[in-house]
Amino acid sequence: MKNVCEEQVFSSIFKTNSKTVFNYIYYKFGNEEKAHDAVQEAFVKLWENCANVMPEKAKSYLYTVANNLYLNVIKAEKVRLKYAKPTLEISNESPEFLLEEKEYQQKLDKVLNNLPENQRTTFLLNRIDGKKYAEIAEMEGVSVKAIEKRMHLALKTLREQIDGI
1 MKNVCEEQVF SSIFKTNSKT VFNYIYYKFG NEEKAHDAVQ EAFVKLWENC
51 ANVMPEKAKS YLYTVANNLY LNVIKAEKVR LKYAKPTLEI SNESPEFLLE
101 EKEYQQKLDK VLNNLPENQR TTFLLNRIDG KKYAEIAEME GVSVKAIEKR
151 MHLALKTLRE QIDGI
């Protein structure tokens, strides 16, 4: 019986499906870089779970994982847009304060975008959506300890790269 963990079988699955999964996810993202990242991550997850996936189910597994990655990115972008400040907001704050706030927000966005996907998703789900670690763990299919570690690493990176947090 063939096994996805066998290098030759995995290689065959990659050669057979990588382009079609890319085309599918590129159509959804409309962004080549994000599509490449999603396809790469889908194949990494397939390799990590190779013992649990039968070769005949690999294609549907890849499409499911890639689609879930797409949905996670869209969800994170929706959250970001939901909490973005309106540009026509009237404020009593000084122009200097508003400029500093804008620069800080840009720096925060840049650091968040540079976080690994799993850390960014965990951070946004917890701090923006208000989800508990147990809820995030269930959504991501990992342990609560893994979510705690992701959050710790995300916060550590934010503290290191942004002054004043």
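For the sequence shown, UniProt numbering begins at 1 and goes up steadily by one. Glycine included, every Cβ here is placed at the ideal spot set by N, Cα and C. Please read all numbers here as calculations on a predicted model, not as lab measurements.
First through last residue of the alpha helix (DSSP H) which encompasses residue i
i: alanine 72; result: First, the residue type needs correcting, since residue 72 is asparagine and not alanine in the sequence shown. Start and end: 58 to 82.
i: valine 151; result: Residue identity differs from the one stated: residue 151 is methionine in this sequence, not valine. Unbroken alpha helix (DSSP H) run through methionine 151: 144 to 161.
Separation of residue j from residue i, as counted between CA atoms
i: leucine 124; j: arginine 150; result: 11 Å
i: lysine 57; j: leucine 158; result: 39 Å
i: alanine 154; j: lysine 132; result: 16 Å
i: asparagine 72; j: histidine 36; result: 15 Å
i: lysine 110; j: arginine 120; result: 11 Å
i: glutamate 33; j: threonine 20; result: 16 Å
i: valine 142; j: threonine 122; result: 11 Å
i: alanine 51; j: proline 95; result: 58 Å
i: tyrosine 104; j: leucine 98; result: 10 Å
i: isoleucine 165; j: glutamine 40; result: Confidence in isoleucine 165 is poor, its pLDDT being 49 and thus under 50, which makes the residue's placement too unreliable to answer from.
i: isoleucine 74; j: tyrosine 24; result: 16 Å
i: lysine 2; j: isoleucine 162; result: 50 Å
i: asparagine 49; j: alanine 146; result: 17 Å
i: asparagine 17; j: methionine 139; result: 26 Å
i: aspartate 129; j: asparagine 114; result: 20 Å
i: asparagine 67; j: phenylalanine 10; result: 20 Å
i: glutamate 101; j: asparagine 31; result: 29 Å
i: isoleucine 13; j: lysine 45; result: 13 Å
Selected residue, minimal CA-CA separation from residue i, among the options
i: alanine 38; options: Glu93, Pro55, Thr16, Glu117; result: Glu117
i: arginine 127; options: Arg80, Glu160, Gln161, Met139; result: Arg80
i: tyrosine 70; options: Tyr83, Ala42, Val142, Asn17; result: Ala42
i: lysine 59; options: Tyr83, Glu160, Glu93, Lys15; result: Lys15
i: methionine 54; options: Ala66, Asn114, Cys5, Asn31; result: Cys5
i: leucine 108; options: Val9, Phe29, Phe10, Glu160; result: Glu160
i: residue 198; options: Thr64, Leu112, Ala134, Val9; result: The structure shown has nothing for residue 198, since the chain only spans 1 to 165.
i: tyrosine 27; options: Tyr63, Leu46, Val44; result: Tyr63
Residue i - DSSP class collapsed to helix/strand/coil
i: cysteine 5; result: coil
i: serine 94; result: coil
i: aspartate 129; result: coil
i: aspartate 37; result: helix
i: leucine 112; result: helix
i: methionine 54; result: coil
i: asparagine 23; result: helix
i: asparagine 17; result: helix
i: asparagine 118; result: helix
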